[in-house]
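Peer 1: Protein sequence lines correspond, in order, to chains U and W. The opening position of the first sequence corresponds to residue 0 in numbering that gives the first Met the number 0, with each subsequent residue numbered one higher. The opening position of the second sequence corresponds to residue 0 in numbering that gives the first Met the number 0, with each subsequent residue numbered one higher. Think of the CB as a built atom: it goes at the ideal place given N, C-alpha and C, for glycine as much as any other residue.
Number of protein chains: 2
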Amino acid sequence: MGVGMHDSAPDNDAFPEDFLRTFAELVRLRRDVRRFRPDPVPDEILEEALNLAHLAPSVGFSQPWRFVLVEDTARRAAAVRSFERANAAALAATAEEDKALYARLKLQGMREAPVQMAVFCDDATRTGRKLGARSMPETRAYSVVCAIHTLWLALRARGVGMGWVSILEPAEIVRICEAPAEWRFVAWLCIGWPEEARADEPELQRAGWEQRLPLTKLCHRL
Amino acid sequence: MGVGMHDSAPDNDAFPEDFLRTFAELVRLRRDVRRFRPDPVPDEILEEALNLAHLAPSVGFSQPWRFVLVEDTARRAAAVRSFERANAAALAATAEEDKALYARLKLQGMREAPVQMAVFCDDATRTGRKLGARSMPETRAYSVVCAIHTLWLALRARGVGMGWVSILEPAEIVRICEAPAEWRFVAWLCIGWPEEARADEPELQRAGWEQRLPLTKLCHRL
Chain U
0 MGVGMHDSAP DNDAFPEDFL RTFAELVRLR RDVRRFRPDP VPDEILEEAL NLAHLAPSVG
60 FSQPWRFVLV EDTARRAAAV RSFERANAAA LAATAEEDKA LYARLKLQGM REAPVQMAVF
120 CDDATRTGRK LGARSMPETR AYSVVCAIHT LWLALRARGV GMGWVSILEP AEIVRICEAP
180 AEWRFVAWLC IGWPEEARAD EPELQRAGWE QRLPLTKLCH RL
Chain W
0 MGVGMHDSAP DNDAFPEDFL RTFAELVRLR RDVRRFRPDP VPDEILEEAL NLAHLAPSVG
60 FSQPWRFVLV EDTARRAAAV RSFERANAAA LAATAEEDKA LYARLKLQGM REAPVQMAVF
120 CDDATRTGRK LGARSMPETR AYSVVCAIHT LWLALRARGV GMGWVSILEP AEIVRICEAP
180 AEWRFVAWLC IGWPEEARAD EPELQRAGWE QRLPLTKLCH RL
């Protein structure tokens, strides 16, 4: 084993109780970060997190995640302009009574975060030979999301913040990243040290935009 | 803090090194399980995992995950029939040279696993007031995937296995679960104690279906 399991039941590969408690803390303290310090993130931390992300589940073991680190200043600026257009459209579509609060929210750290990464799903991959993805091809993109979520937890565990920007024009991000036509844009990730080291609640909750729902309302039995 | 952070840098909310190592083990040992023992999973374990899943990131804090525990025998049998139809179609569409191996693979534990759960995305939810989901509405389903992936890790940490079945007819699962028309079917989850407590590699890798790709081929810089 190597990590001290098998405490209680010999045929039960559970992790130790103290790990379980800390893992719950990690899940609870993971935030969608929009306020970053400009300090660089060591390459080793990013590499370690990407290596863990690469162990995420994927439909038919298709591993369809494609990571594009965007370092070029002009490309970054073009992505910010895409956000600005998409955000102006989103604000215009928002209900009148919500507009003032919406306009005050900080929704991305695309200028401040030292690492900017676009993540795509290769919908044309031959890896996995389409196993599991014929009746539900969207599961390829879902696999990419599992990798992104793994990256998020791995970075947070190192104290590094990540924010997922979705207020963008997918076709424009494909163009900016010179991605093949078969690549589906999934996420733009801002990665860096958070201004606020630890935040117990989502920023949208603290800003009064939305509250956490009671889980019991979201679970059903039949 | 409560979990022993702040070891080295006072403004860095990193988790302890031993936790980081064990977290990497958890990610590495999480499997898509298809072979289950029939023993029941304690309610407390499932509840704990669902509570963690409910802390997953969601676009605009929309929390669009909807969990349906399917206990009814007739509904479970109908879902198995949906798998059988979708799998027959998938086998027929598989390349001739792959058909024999495909037919030998065990692709789900829908009959054996004690817990069977359908997960949906409420695409019509008003929670979060569509923030972040106007230009990319698919991010709601991606949020549900983050919750599913959290559930997966939380269960695996307790030694409980989970398998994600995607070889199904989405419209039929919506019908079986009497889900509202606005709910998008995301995943059918089989949950239970795995026959094999610990497996280092994905079953599809061990069966010779697919190998892990080198991560460097999936990362790009520009």
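Would you kindly check if the distance between the Cβ of Trp208 of chain U and the Cβ of Leu130 of chain W is under 8 Å?
Peer 2: yes
Peer 1: Of the choices U:Pro41, U:Glu95 and U:Arg183, whose alpha-carbon is the least far from that of Arg65 of chain U?
Peer 2: U:Arg183
Peer 1: Grab the span of the alpha helix (DSSP H) containing Asp31 of chain U for me, first residue to last.
Peer 2: Here Asp31 of chain U belongs to no alpha helix (DSSP H), and DSSP marks it neither H nor E.
Peer 1: DSSP three-state call for Arg65 of chain W: helix, strand or coil?
Peer 2: strand
Peer 1: Does chain U have any CB closer than 8 Å to the CB of Asp258 of chain W?
Peer 2: Here chain W covers residues 0 to 221 and nothing more, so residue 258 of chain W does not appear.
Peer 1: Say whether chain W places a C-beta atom closer than 8 Å to the C-beta of Pro113 of chain U.
Peer 2: no
Peer 1: Would you kindly report the start and end of the unbroken beta strand (DSSP E) that includes His219 of chain U?
Peer 2: Here the beta strand (DSSP E) through His219 of chain U covers Cys218 to Arg220.
Peer 1: According to DSSP, which residues form a beta bridge with Pro39 of chain U?
Peer 2: Pro39 of chain U pairs with nothing; no bridge assigned.
Peer 1: Would a check of beta-carbon distances place Ile166 of chain U closer than 8 Å to chain W?
Peer 2: yes
Peer 1: List, in order along the chain, the chain U residues whose C-beta lies closer than 8 Å to that of Trp208 of chain W?
Peer 2: Gly59, Phe60, Gly127, Arg128 and Leu130
Peer 1: Provide the residue span of the alpha helix (DSSP H) that contains Trp151 of chain W, from first to last.
Peer 2: Thr138 to Ala156
Peer 1: Classify Ala117 of chain U as helix, strand or coil using the three-state DSSP reduction.
Peer 2: strand
Peer 1: Take Val173 of chain W as the anchor and find which of W:Trp163, W:Met161, W:Gly160 and W:Trp187 has the nearest alpha-carbon.
Peer 2: W:Trp187
Peer 1: Tell me whether Ala178 of chain W, by its Cβ, gets closer than 7 Å to a heavy atom of the ligand MG.
Peer 2: Looking for the ligand MG in the displayed structure turns up nothing, as the structure carries no ligands at all.
Peer 1: Using the Cα positions of Gln204 of chain U and Leu104 of chain U, report the straight-line distance between them to the nearest angstrom.
Peer 2: Each residue's Cα considered, the two are about 11 Å apart.
Peer 1: Suppose the cutoff is 7 Å on Cβ atoms and the five residues either side in sequence are ignored; what does the same chain contact list for Ala102 of chain W look like?
Peer 2: Leu90
Peer 1: Taking the alpha carbon of Ala153 of chain W as the point to measure from, which residue in W:Phe22, W:Asp17, W:Ala87 and W:Pro39 has its own alpha carbon closest?
Peer 2: W:Phe22
Peer 1: Does the beta-carbon distance from Ala156 of chain U to Leu19 of chain W come in below 8 Å?
Peer 2: yes
Peer 1: Assuming Glu111 of chain U and Pro193 of chain U form a contact by the criterion Cβ under 8 Å, report the distance between their Cβ atoms to the nearest whole angstrom.
Peer 2: Contact doesn't hold; Cβ gap of about 10 Å is too wide.
Peer 1: Keeping to the same chain, check which residues put their C-beta closer than 8 Å to that of Thr138 of chain W; ignore five residues upstream and five downstream.
Peer 2: Val58, Gly131 and Ala132
Peer 1: Indicate whether at least one CB of chain W lies closer than 8 Å to the CB of Met135 of chain U.
Peer 2: yes
Peer 1: Please confirm whether Glu70 of chain U has its beta-carbon closer than 8 Å to some beta-carbon of chain C.
Peer 2: Note that chain C does not occur in the displayed structure, where the protein chains are U and W.
Peer 1: Leaving aside the five residues before and after His148 of chain W along the sequence, list all residues of the same chain whose C-beta is less than 8 Å from its C-beta, in chain order.
Peer 2: Ala55
Peer 1: Would you decide whether Arg125 of chain W is buried or exposed? Buried here means 16 or more other CB atoms lie within 10 Å of its CB.
Peer 2: exposed
Peer 1: Tell me which residues share the same chain as Gly3 of chain W and place their Cβ nearer than 7 Å to its Cβ, disregarding the 5 neighbours each side in the sequence.
Peer 2: For Gly3 of chain W, the pLDDT reaches just 43, beneath the cut-off of 50, and the residue's location in the model is therefore unreliable, although a value from the coordinates is still provided. Close CB contacts of Gly3 of chain W within its chain, under the 7 Å cut and outside five residues either way in sequence, are with Pro15 (chain order).
Peer 1: Run through chain U and tell me which residues come within less than 8 Å of Glu16 of chain W, C-beta to C-beta.
Peer 2: Result: empty, since nearest Cβ-Cβ is about 10 Å, beyond 8 Å.
Peer 1: How many Å lie between Asp71 of chain U and Leu217 of chain W at the Cα?
Peer 2: 19 Å
Peer 1: Does the structure place the segment 163-170 of chain U close enough to the segment 68-86 of chain U that three or more beta carbon pairs sit under 8 Å?
Peer 2: yes
Peer 1: Between the alpha carbons of Met116 of chain U and Arg27 of chain U, how many angstroms are there, rounded?
Peer 2: Spanning the two alpha carbons is a distance of roughly 24 Å.
Peer 1: Where does Pro193 of chain U sit, in a helix, a strand or coil, going by DSSP?
Peer 2: Strand, per DSSP.
Peer 1: With respect to the alpha helix (DSSP H) encompassing Val79 of chain W, which residues constitute its N-terminal and C-terminal limits?
Peer 2: It spans Thr72 to Ala92 - the alpha helix (DSSP H) in which Val79 of chain W sits, taken as one unbroken run.
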